[in-house]
Amino acid sequence: MNAVVKKVAMDQQWIEVGTVSDIPKDGARVVKTPLGDIAVFRNRQDEIFALRDKCPHKGGPLSQGIIYGKTVACPLHNWNIALDTGIAVAPDEGCAASYPIRMEGEKVFLLLTPNEGCPNSQ
Amino acid sequence: MKRMKLVMVGNGMAGVRTLEELLKIAPDLYEITVFGAEPYANYNRILLSPVLAGEQTIKDIMLNDVDWYEKNGITLHLNKKITRIDRKNRTVHAEDGTSAEYDRLILATGSNPFMLPVPGNDLQGVISFRDIHDVDVMVDAATNYKHAVIIGGGLLGLEAANGLKMRGMDVAVVHNSDNLMERQLDPVASKMLQKNLEDKGMNFLVGKQTEQLIGKDGRVKAVRFKDGQEVPADLVVMAVGIRPNTTLAESAGIHCNRGIVVNDTMQTYDPRIYAIGECVSHRGIAYGLVAPLFEMAKVCANHLAEYGIGRYTGSVTSTKLKVTGIELFSAGDYMGSEGTENLLLSDPKGGLYKKLVLKDNRLVGAVLYGESEDGNWYFKLMREGTDVSALRNRLLFGETHLGDAGHGGQSKAAAMKDCDQVCDCNGVSKGDIVKAIVTKGLFTLDDVKLHTKAAASCGSCTGLCEQILSHTLGGEYSAPEAKPMCKCTDATHDQVRAAIRDQKLTSIPDVMNTLGWKREDGCPSCRPALNYYLISTWPKEAKDDYQSRYINERAHANIQKDGSYSVVPRLWGGSVSVDQLRAIADVAEKFNVPEMKITGGQRIDLFGVKKEELPDVWGFLADRGLVSGHAYGKALRTVKTCVGSDWCRFGVQDSTQMGIDLEEMTWGSWTPHKYKMAVSGCPRNCAEATIKDFGVVGIDSGWELHVGGNGGVKVRATDLLCRVTTREEVLEYAGAFMQIYREEARYLERTAPWVERVGLPYIKTRVVDDAEGRAAAYQRFLESQEIYKFDPWAERAKGVDQHEFTPLKVVTG
Ligand code: SRM
Ligand SMILES: Cc1cc2nc3c(=O)[nH]c(=O)nc-3n(C[C@H](O)[C@H](O)[C@H](O)COP(=O)(O)OP(=O)(O)OC[C@H]3O[C@@H](n4cnc5c(N)ncnc54)[C@H](O)[C@@H]3O)c2cc1C
Ligand code: SF4
Ligand code: FES
Numbered sequence: 001m002n003a004v005v006k007k008v009a010m011d012q013q014w015i016e017v018g019t020v021s022d023i024p025k026d027g028a029r030v031v032k033t034p035l036g037d038i039a040v041f042r043n044r045q046d047e048i049f050a051l052r053d054k055c056p057h058k059g060g061p062l063s064q065g066i067i068y069g070k071t072v073a074c075p076l077h078n079w080n081i082a083l084d085t086g087i088a089v090a091p092d093e094g095c096a097a098s099y100p101i102r103m104e105g106e107k108v109f110l111l112l113t114p115n116e117g118c119p120n121s122q
Numbered sequence: 123m124k125r126m127k128l129v130m131v132g133n134g135m136a137g138v139r140t141l142e143e144l145l146k147i148a149p150d151l152y153e154i155t156v157f158g159a160e161p162y163a164n165y166n167r168i169l170l171s172p173v174l175a176g177e178q179t180i181k182d183i184m185l186n187d188v189d190w191y192e193k194n195g196i197t198l199h200l201n202k203k204i205t206r207i208d209r210k211n212r213t214v215h216a217e218d219g220t221s222a223e224y225d226r227l228i229l230a231t232g233s234n235p236f237m238l239p240v241p242g243n244d245l246q247g248v249i250s251f252r253d254i255h256d257v258d259v260m261v262d263a264a265t266n267y268k269h270a271v272i273i274g275g276g277l278l279g280l281e282a283a284n285g286l287k288m289r290g291m292d293v294a295v296v297h298n299s300d301n302l303m304e305r306q307l308d309p310v311a312s313k314m315l316q317k318n319l320e321d322k323g324m325n326f327l328v329g330k331q332t333e334q335l336i337g338k339d340g341r342v343k344a345v346r347f348k349d350g351q352e353v354p355a356d357l358v359v360m361a362v363g364i365r366p367n368t369t370l371a372e373s374a375g376i377h378c379n380r381g382i383v384v385n386d387t388m389q390t391y392d393p394r395i396y397a398i399g400e401c402v403s404h405r406g407i408a409y410g411l412v413a414p415l416f417e418m419a420k421v422c423a424n425h426l427a428e429y430g431i432g433r434y435t436g437s438v439t440s441t442k443l444k445v446t447g448i449e450l451f452s453a454g455d456y457m458g459s460e461g462t463e464n465l466l467l468s469d470p471k472g473g474l475y476k477k478l479v480l481k482d483n484r485l486v487g488a489v490l491y492g493e494s495e496d497g498n499w500y501f502k503l504m505r506e507g508t509d510v511s512a513l514r515n516r517l518l519f520g521e522t523h524l525g526d527a528g529h530g531g532q533s534k535a536a537a538m539k540d541c542d543q544v545c546d547c548n549g550v551s552k553g554d555i556v557k558a559i560v561t562k563g564l565f566t567l568d569d570v571k572l573h574t575k576a577a578a579s580c581g582s583c584t585g586l587c588e589q590i591l592s593h594t595l596g597g598e599y600s601a602p603e604a605k606p607m608c609k610c611t612d613a614t615h616d617q618v619r620a621a622i623r624d625q626k627l628t629s630i631p632d633v634m635n636t637l638g639w640k641r642e643d644g645c646p647s648c649r650p651a652l653n654y655y656l657i658s659t660w661p662k663e664a665k666d667d668y669q670s671r672y673i674n675e676r677a678h679a680n681i682q683k684d685g686s687y688s689v690v691p692r693l694w695g696g697s698v699s700v701d702q703l704r705a706i707a708d709v710a711e712k713f714n715v716p717e718m719k720i721t722g723g724q725r726i727d728l729f730g731v732k733k734e735e736l737p738d739v740w741g742f743l744a745d746r747g748l749v750s751g752h753a754y755g756k757a758l759r760t761v762k763t764c765v766g767s768d769w770c771r772f773g774v775q776d777s778t779q780m781g782i783d784l785e786e787m788t789w790g791s792w793t794p795h796k797y798k799m800a801v802s803g804c805p806r807n808c809a810e811a812t813i814k815d816f817g818v819v820g821i822d823s824g825w826e827l828h829v830g831g832n833g834g835v836k837v838r839a840t841d842l843l844c845r846v847t848t849r850e851e852v853l854e855y856a857g858a859f860m861q862i863y864r865e866e867a868r869y870l871e872r873t874a875p876w877v878e879r880v881g882l883p884y885i886k887t888r889v890v891d892d893a894e895g896r897a898a899a900y901q902r903f904l905e906s907q908e909i910y911k912f913d914p915w916a917e918r919a920k921g922v923d924q925h926e927f928t929p930l931k932v933v934t935g
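If you want it as structure tokens, here you go:
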């Protein structure tokens, strides 16, 4: 379901966070972690994505945005962030760290180590 | 999938714009090949004038360089003129033998300058003003020669004259009628223009007919007129008009009649062949300005992309002259005709002239001279057919005189310095905007918003941004008459509403399928609008789609900048009891609410509540009889009141009770934008009812009803709707007005702009004159309220939408 899964080392731990139906279509839920909130999104095509719940602009909670296609619009100032990469849609610049997701049937598993390449992971 | 082959002949402004639009919506449908007769990639022809005047360079005016074509996989043939179309084998052939096959062909061949058929018109030094080559010749002549004669005192001729004057030549403009730019200006404005240009050092020979160009050694030397007069000329620029370039189309047997004849989807008589730009004749009109061409481009791209509903139905055009220091604007029926009347402001000595032509209370034409920054605004009123009777006595003074207490566009773009701030919300200066326009080739307000963020927040600088856009680009880049709702569709707000109503569409996917949405999930701008249209049109049948609502409405609280929420309970008509105050104090204490304040809407706001706590906070309040204040919604907000006749020594009516009654009737209803009411007990109006969407003012004999007021960024005082006597009437008029607004305004259009757009007379007809219609609208309002009048907080406190407020999972250390 998510191509970035490849990069992940085997010794890291997948956490089961819930099932697909726990998240509304075109909606998001938050996973609270000691390192900050992670937003888990489900779009209309039932694809699941996870991003750090912090907009690269001014930290707005992306989990509260409107989701369309593979994009979420930040609730604070309407930046658009790609759900699969966390990268802001041009002309805006910046990115929110994305997290690997693994599916087992209906179950959603999340890895707490973000994918590489985005400075907004802290 | 094998891509279809799309070939375009003509690499100019209209054609490339079509490709840009097409690539945006269907990037993979075609394999594209472009032929251009000029040796350059795509440039902004309009800006040849400032280039000639030495204000910009060729580099500045490139729109898409060769890299752009490459990046988009377009095969580009420069310097290759197509001379033959073989419709049977579907191929085009260039002069040098290059050929290409097509499944679809676009002809975008522009137009040819018309050369007067006088002896000597082929001499060296006789040229037109159309392309980079012409500008090179003129710049060259300016360094080596002295006398320039421009034939034609229209827009193009005057811009050429100005440019050559700036480059140091002696310039004479020959014009066959008595008035310059007679196709855009009335005689008064025309004379003012001539005087201004004479002051700049240009000579005019008006009412003159050119007979012959006299040469020496093959180069032009003088111009002779029919009356025998002769003037020296080392350079002659012919600017007497253009002719649609139909040679190629005609040779291929495509029907032409002063332009390549096209239908509303820009197809020629051969449906595989489209034509676009100055070369076409659409409903008998050939356009010579870019704004209409860009509208055509959009429609053509849509049709090529196989989206159905776009149609080009013609344009109203407007003109500006790009001569630095001269402010001139003209649009529509500027001369006036039968049944029109003129509003005039004429101060020739002070260099100011404004003429507005009205017909049936709508603006149909305008000429502005000396000050043109209101041009866009007048043009908008014209295009939208706004009823201007209410503005009539202030109309001539422009938009900024309409009681604009904010900072809505009152500075003049031209006079601003580059470092001057335009958008106070996002800190964008004039220089930033100009730079983005020039370097990124922006044409529309939407582009400017997207790239600079100016005008993207509160919107109060929209007018100013439009001015900067038109000053920077020179030409008229007005928005199309009917703007699509957003990039996902070509349908306008009004069309979408009509479809929802007439075809009884009751869900967002229904609307998207029926109207051919381009993006299956829509976007954050259309989805909330669609959801609103659905639930307001079909309150019983349509299901409210919370995922298409902005977070505030989804969570029933206002999101704050730190991600926490604020809670504003309803205080009916602004009146409070000890118990209510106690409940608010208790909830604040119990949940450690960091801050409270009295709002500008007579209620109490609790700040800094965490999302997870919201249902508990609400439950606590609900148990004590407090409900949602909808401070977060495009919905009824507050009904402000003053004390009124119960206590006040001046009060003539019980305004507090009236406020409570109105609020009890209307709370919970969703509206296109937020909706506020207020009731004052006497004309002293302490509740400020005259800047509310619906204002009620007590008078001795009953109540005065006011509509369309707005505080906020741009203050607008209400219009008086009528006077009534009883409480029941106030409620009925209030409900009917609100319902008609709910049913007819566009999403995010407050009552103030709505009333201005449709006109107060219209509102009066519906709400005051038509008693039956009023009663029916009131009834529809009450029916919708049967469904929507409930407390969303209490529901959520009891468990509705739990997922919204609880984390999916909490991971500990
Ligand atoms: C809380 C309050 C300020 C206060 O502490 O007094 C307030 C707060 C906000 N206003 Fe307001 N407005 C408040 C009264 C007003 C008033 C006064 C009034 O209602 O009498 C006005 C001018 C009157 C009017 O609307 O015509 C007002 C004109 C605006 C505007 C400009 C509207 C316009 O049409 O120009 C905006 C921006 C918008 O809506 O796009 C706005 C937007 C906002 C937003 C929603 C900004 C936002 O998007 O976050 C603020 C939400 C803060 C929050 O989270 O609670 N607020 N705002 C007031 C709430 C009143 C209430 O009890 O519901
Ligand atoms: C100096 C100047 C100032 C202007 N100012 C304004 C203004 O302020 N506002 C405004 O709205 N408009 C203005 N215009 C008009 C505007 O530039 C035109 O309306 C617009 O450029 C027309 O676009 P088009 O694509 O139809 O034609 P063009 O831009 O002319 O493009 C047609 C292209 O097709 C090529 N071509 C023709 N035949 C063939 C063939 N057989 N094979 C290959 N290529 C071919 C031509 O060489 C040309 O490059 C101005 C025009 C000029 C010249
Ligand atoms: S005026 Fe209104 S929108 Fe602006 S800061 Fe105050 S509350 Fe917020
Ligand atoms: S914080 Fe997300 S857009 Fe500003």
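Chains A and B, in that order, are what the protein sequence lines are.
Heads up, the first sequence is in the numbering used here, so the first residue is 1 and it goes up one at a time.
Heads up, the second sequence is in the numbering used here, so the first residue is 123 and it goes up one at a time.
Don't be surprised by glycine CBs; every beta carbon is placed ideally from N, CA and C.
Just so we're clear, the structure is a prediction, and the values are computed from it rather than from any experiment.
Rounding to the nearest angstrom, what Cα-Cα distance links residue i and residue j in this structure?
i: E894 (chain B); j: K886 (chain B); result: 13 Å
i: F912 (chain B); j: R806 (chain B); result: 35 Å
i: I821 (chain B); j: R888 (chain B); result: 24 Å
i: I673 (chain B); j: P650 (chain B); result: 11 Å
i: W14 (chain A); j: I48 (chain A); result: 15 Å
i: H795 (chain B); j: D815 (chain B); result: 10 Å
i: N301 (chain B); j: S312 (chain B); result: 6 Å
How would you write the range of the beta strand (DSSP E) that residue i sits in, first residue to last?
i: G18 (chain A); result: 14 to 19
i: A664 (chain B); result: Neither: A664 (chain B) is in no beta strand (DSSP E) and is coded neither H nor E.
i: C844 (chain B); result: 841 to 846
i: P366 (chain B); result: 364 to 366
i: S592 (chain B); result: Premise fails: S592 (chain B) lies in the alpha helix (DSSP H), 584 to 595, not in any beta strand (DSSP E).
i: M360 (chain B); result: 357 to 360
i: I38 (chain A); result: 36 to 42
For the alpha helix (DSSP H) containing residue i, list its first residue and its last residue.
i: C422 (chain B); result: 412 to 426
i: F713 (chain B); result: F713 (chain B) -> no alpha helix (DSSP H), and no H or E assigned at all.
i: A893 (chain B); result: 893 to 910
i: R516 (chain B); result: 514 to 517
If you reduce the DSSP assignment to three classes, tell me which class residue i lands in.
i: P114 (chain A); result: coil
i: C378 (chain B); result: strand
i: V877 (chain B); result: helix
i: Y68 (chain A); result: strand
i: V922 (chain B); result: coil
i: K477 (chain B); result: strand
i: T628 (chain B); result: coil
At a threshold of 6 Å, does residue i count as lining ligand 4 (C-beta to nearest heavy atom)?
i: L76 (chain A); result: yes
i: G134 (chain A); result: Since the displayed chain A opens at 1 and closes at 122, residue 134 (chain A) lies outside it and no answer follows.
i: H57 (chain A); result: yes
Shorter than 6 Å, the distance from the beta carbon of residue i to the closest heavy atom of ligand 2, or not?
i: I168 (chain B); result: yes
i: V131 (chain B); result: yes
i: F416 (chain B); result: no
(request) Report the residue ranges of all alpha helix (DSSP H) runs contained in full by the region 204 to 281 of chain B; include only those spanning at least 4 residues, in chain order. (result) With a minimum length of 4 residues, the continuous alpha helix (DSSP H) runs that stay inside the region 204 to 281 of chain B are 254 to 266.
(request) Would you list, in sequence order, the uninterrupted beta strand (DSSP E) runs of no fewer than 3 residues that lie entirely inside the region 721 to 745 of chain B? (result) The beta strand (DSSP E) runs lying completely inside the region 721 to 745 of chain B and spanning 3 residues or more are 726 to 731, given in chain order.
(request) For the region 126 to 206 of chain B, list the beta strand (DSSP E) runs that are entirely contained and at least 3 residues long, ordered along the chain. (result) Taking only runs of at least 3 residues, the beta strand (DSSP E) segments lying wholly in the region 126 to 206 of chain B are 126 to 131, 152 to 157, 184 to 186, 197 to 199.
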